[in-house]
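Residue numbers (this note's numbering): 461 to 659.
Glycine included, each C-beta is placed from N, C-alpha and C at the ideal position.
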Ligand SMILES: Cc1cc2nc3c(=O)[nH]c(=O)nc-3n(C[C@H](O)[C@H](O)[C@H](O)COP(=O)(O)O)c2cc1C
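Set out below in structure tokens:
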């Protein structure tokens, strides 16, 4: 292994060990340009996927489409939560206009397939994680959120086909302030050697 490969490896490890999400509402632009976005999505599409079904899709929402997204959220609220307080409507409007670029991650499983639905959904999660890593590797910060927007049938229909659902809204930009680390699971609580059950 040469010095460059060693250096590359240590940068990759450092990225894996230090990456953390940014809160989408706190991100500032600019997000990735079209070329960078293609690179991020190509990396996200290189995700483990039993059966090569590609059970996920990425929908990019352009800056010029944010007003339309906000209008969609307003319609969804009017239909599904007509009693919503004005604050909820305002928050939805802000959400639609968060800075940076927006990718809507869609879970697109193949139904009635021998590969279980659960595995296809796990693959979608892996694609989302890869997308985050790719964004961070290119010097951006990303944040994956769902909120009510991802569970609204009205919003779902605007992004998804039959059997598909929104896995999340991933905003990619730059942090307005230094990101603070958040608590991580102590390894001993989430990892242990297998204890063979005794009968
Ligand atoms: C599927 C999914 C949905 C999420 N939805 C939300 C959300 O709606 N609101 C929120 O504040 N955080 C949400 N999060 C958590 C944020 O992404 C959170 O900032 C992130 O997990 C921080 O961890 P990290 O620093 O290791 O990336 C979600 C995470 C995942 C994986």
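Look at residue 650 here: in three-state DSSP terms it is helix.
Taking the Cα positions, residue 478 is about 20 Å away from residue 491.
Scanning its chain for C-beta atoms nearer than 7 Å, with the 5 sequence neighbours on each side dropped, one finds around residue 620 the residues 566 and 626, in chain order. DSSP, reduced to helix, strand and coil, places residue 575 outside both helices and strands of the structure shown, so it counts as coil. When only Cα atoms are considered, residue 552 and residue 530 end up about 7 Å apart. Partner residues in the beta bridge of residue 602, as assigned by DSSP, are 632. Secondary structure note for residue 518: its beta strand (DSSP E) is the uninterrupted segment 516-521. A Cβ-Cβ separation of about 11 Å leaves residue 629 out of contact with residue 602 under the 8 Å criterion.
By the Cβ test, the segment 593-601 is in contact with the segment 634-642, since at least three Cβ pairs between them sit closer than 8 Å. Shown here, residue 618 sits in a helix according to DSSP, grouped into three states.
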